[in-house]
Every structure is written in C-alpha cells, then in structure tokens.
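Below you'll find the structure, written out as structure tokens, and then a few comments.
Here is the structure:
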C-alpha cells in the first residue's frame, strides 16, 4: 500500500473533523445569539403588562354603568326586571366569550412559537375591538352591539394576555430568569389593575374612559410595532404541536394544549390544580363584594377600594418574594445560616410559595364565610391578595420542568385549564350562591381549593420521586 494514501486519508479525516468542529461552533454561536435575543425580547415586553392592565382598568367599572344606561330608564336605579334582563345578557355574552377564548388557545400556542410578537399583536387588536364595540353600542343605543364586545374580550381575556407574555418569558432559556420575569410581569399587571377605581372616579362621563382605553391600547400597539422585534429565526422547524399531531390529525387542533397533557402526569396534576384554583378565583371577588354589600352595606366606592387594596397587596407580595426574600437569604447565608436558608433557594422557592399562596386563599374563603365585622372583610381582601399570585408561582415552577422548546405548549395547557375553570365557575359557584344559604358558597370554595392543593402536592411528590 502506498504510504501517500495513508497520508491523504489522515488529511481527509482531519479536514472532516475540523469541519464538524466548525459546524458545532457555529451552531453553539447561533444558539447563544438566539438566547440573547430572547432575553432582550422578554425584558422589552414587560411594560406591556402594566400598560395593558391600565387600559383594561380604565373601563372595568364604567362598562357596568354603560350597560345599565342601555337597559334601564334610570341607570342609577334599575328595577328588578331590568336587572334580571341585564344579568341574562351578560351571562350569555360571558359564556360565549369564555368558550371563544378556550378555542383560540390552540392557535395562540402555535403562534407563540412561530412569531412571538404576532401573538401579542392579535391580543391587543381583539381587546381594543371589545372597547370599540362597546363604544359603538352606546353611541347607537344598542345593547346587543355593546354586549358583542364581550366576544372580543373573551378572545383576548386576561388569561390569554398572561399566556402570550409567559410564552415569551419561558423561551428566554434560563428557568431562573423566566421565574423572575413571570413574577415581575404579574406584579406590573396588578399595579395597572389596582388603579381602576381611581380612573373610574376621574370622569363624570363614562364614555371618556372608553376613549382613554382606546388611546392606551393604541400606545401598546405602537410600542409593540416600534420597540419589539422578533428574533431573526422564529423556529423554522416543526413546533411542539406539529410533533404532537404526527399521526393524530383527527384531533382538532384547537384542543392541542390539552393533548399536550397526554403522558405527562406532573403537568396534568398541575393543570387540574390550576383549573380548580381558577374556578374559585373567577368568582371570589364577585361573591365577596356581594357579601360585603348585603351584610355590611358596602357601596360601589368601598368595593372599589377593596379591589385596589387586594391588587396592591398582591403586587407587594410578589415583588417581595422576587427581590426581598433572595436578598434576605443571601444576607443570612453570610451570617452563617446557609443550611437553614438552603430550602428557600430559587429552585425551590416557586413550589413553596405556590403552596403558601393556596393556603392563604383557603383561609380567605373561611374568613369571609365566618365574618361578622367590617375589619374581617378587609382581612379577607388581604388574604385573597396573597392567593392571587398562585398562578405565577405555579407557572414559573412548571417552566423549570420542560425544555425551552416545550415550555410554550406547557403554558398553553395551563392556560386552557384556567379557562375551563372560569367557564365552570359561574355555573357551579353561582348556582350555589343563588339557591343555597349565602355563606355555603365560601365553604364549598374552600373545599375546591383544598382539592387544588392536594393535586399540586401530588405533582410535587411525582416530581420528587422521579428525580431520585
């Protein structure tokens, strides 16, 4: 054999190895660039949580008066028949809205992977259209047109806003960063919502609040168009749902978020827990305000203060767990208490805070059920506020269980569970409050939350046993 042939073979192998190393290096560089772009995108969308919440808060109180102005001869004093007609219209519109929101999740889940910016843009347009239809309905004095705005509101519900934002945060690559972004975004959202009573009190003419809301939505759409740029490569390959549907084309794509739960028991238990939680949470504030109005003679203004108090406490609570608690842990570690603080490390913080928040929510339901003094109503509002952060902790914890490419599908499955809870809430808890003694609904709600805590506990046990 000619020695020169061996030399040529060695040179060829060396060139091949060099090319493979170059490809790996370029692939690693591309991944790093994509992660940096994803992190920048995550930080830039944070203000949208606050501005969107502010726009929604601008019409949250005045919408009720707008409906009353179309249905009642005296909007400030509707009679029983007018009130019943209004309740029927709102119930039908709300149900259609919730179903519409559930059906759009599959579409939004795929869109959040292919074009993260577009998912938010679709939400902004649909939510602003709800205000447009409401304003147009008031202008032409048509309750049907005004209530049609609830359809667009369902297609762009609060849950879908959180899903679109969270789907961006969890693709930042770092589960610790995703946890902080989800919590901070929730705190900014709560801050925007908490100013609702203040905004409502600024204007004597409720239509001014509609104009303000449209202006704010215009600002968010403009901010999205100018300052938010999608990463250069928006997942050219198949997305998670495409992999799920290989050989399963008979399953409707709109149900893809729920199909993602198949074979993933930890995520399934978490979804059930979050659905049960949202079933209670969707009805908690209305039930609490009804009780405060009937038993303690709260006015609309006092109920507004109750809402503001709850949302501000929730904001402080979340920001405290994100920034103050880690600082305190580092300080105590420096003081030689590292072992005692090890359990509160960031990797374990989210499930611990989720359990504590659920316990606070259970306590709030029992407190309002047994309340006999006004101060107990405010205590209930504070406890409810501490429970409001439960979904943000749960979702941040779930994000750490999945690879980056699967996280948006996991968030969509949880959002679908939340939507199902919202749909079941008025039927279950509303019926109980209507036909059974008034405090029964709170005891039932506490029981439902107990089941939510049990399912989340089972998820933690499953994850712990599989990691051993």
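In the working numbering, the protein residues as written are 1 to 468.
Glycine included, every Cβ here is placed at the ideal spot set by N, Cα and C.
Values in this document were obtained by computation on a predicted structure and should not be read as measured data.
- Scanning 57, 121, 305 and 372 for the CA closest to the CA of residue 296 turns up 372.
- The shortest CA-to-CA distance from residue 446 to any of 279, 312 and 392 is the one to 279.
- Annotation for residue 381: the continuous alpha helix (DSSP H) segment containing it runs 374 to 388.
- About 42 angstroms separates the CB atoms of residue 374 and residue 267; that is not less than 8 angstroms, and the two are not in contact.
- In this structure, residue 387 sits near residue 361, with a CB-CB distance shorter than 9 angstroms.
- Contact check for residue 216 against residue 51 passes: the beta carbons are separated by less than 9 angstroms.
- In the displayed model, residue 195 falls within coil according to three-state DSSP, outside both helix and strand.
- For the 9 angstroms CB-CB criterion, residue 307 and residue 285 form a contact.
- Under the three-state reduction of DSSP output, residue 320 falls in the helix class.
- Across the set 71, 147, 124 and 383, the C-alpha of 383 shows the shortest separation from the C-alpha of residue 310.
- Rounded to whole angstroms, the separation of the alpha carbons of residue 149 and residue 134 is 5 angstroms.
- Residue 434 counts as exposed, since fewer than 16 other beta carbons sit within 10 angstroms of its beta carbon.
- Contact between residue 220 and residue 124 is confirmed by a C-beta separation of about 5 angstroms, below the 8 angstroms threshold.
- The alpha-carbon separation between residue 417 and residue 275 amounts to approximately 5 angstroms.
- Nearest in C-alpha terms to residue 313, of all of 192, 436 and 463, is 192.
- Between residue 100 and residue 165, the C-beta gap is not smaller than 9 angstroms, which leaves the two residues out of contact.
- Per the C-alpha coordinates, the member of 54, 67, 167 and 453 positioned closest to residue 273 is 453.
- If you compare the alpha carbons of 70, 45, 39 and 181 with that of residue 137, the shortest gap goes to 70.
- In the same chain as residue 381, and ignoring 5 residues on each side of it, the C-beta atoms closer than 7 angstroms to its own belong to 306, 309 and 310, in chain order.
- In the assembly as shown, residue 464 is an exposed residue. Its beta-carbon has fewer than 16 other beta-carbons within 10 Å.
- The alpha-carbon separation between residue 414 and residue 162 amounts to approximately 11 angstroms.
- Here residue 421 is buried: its Cβ has 16 or more other Cβ atoms, across all protein chains shown, within 10 Å.
- The beta carbons of residue 291 and residue 439 sit closer together than 9 angstroms.
- A distance of 9 angstroms or more separates the beta carbons of residue 436 and residue 358.
- In the displayed model, residue 156 falls within coil according to three-state DSSP, outside both helix and strand.
- Counting other Cβ atoms within 10 Å of its Cβ, residue 229 stays below 16 and is therefore classed as exposed.
- One Cα belongs to residue 459, the other to residue 395, and the distance between them is close to 13 angstroms.
- Taking 8 angstroms as the upper bound for CB-CB distance, residue 105 and residue 419 are in contact here, some 7 angstroms apart.
- Taking C-beta atoms as the reference points, residue 423 and residue 98 count as a pair closer than 9 angstroms.
- With a 10 Å radius around the Cβ and a threshold of 16 neighbouring Cβ atoms, residue 180 comes out buried.
- The Cβ neighbour count for residue 114, taken over all protein chains shown within 10 Å, is under 16; the residue is labelled exposed.
- Here residue 185 is buried: its Cβ has 16 or more other Cβ atoms, across all protein chains shown, within 10 Å.
- Here residue 141 has 70 as same chain residues with Cβ atoms under 8 angstroms from its own Cβ, once five neighbours each way along the sequence are excluded.
- Residue burial is scored here from C-beta neighbours: residue 226 has fewer than 16 other C-beta atoms within 10 angstroms and is therefore classed as exposed.
- With a threshold of 16 other beta carbon atoms within 10 Å, residue 157 meets it and is buried.
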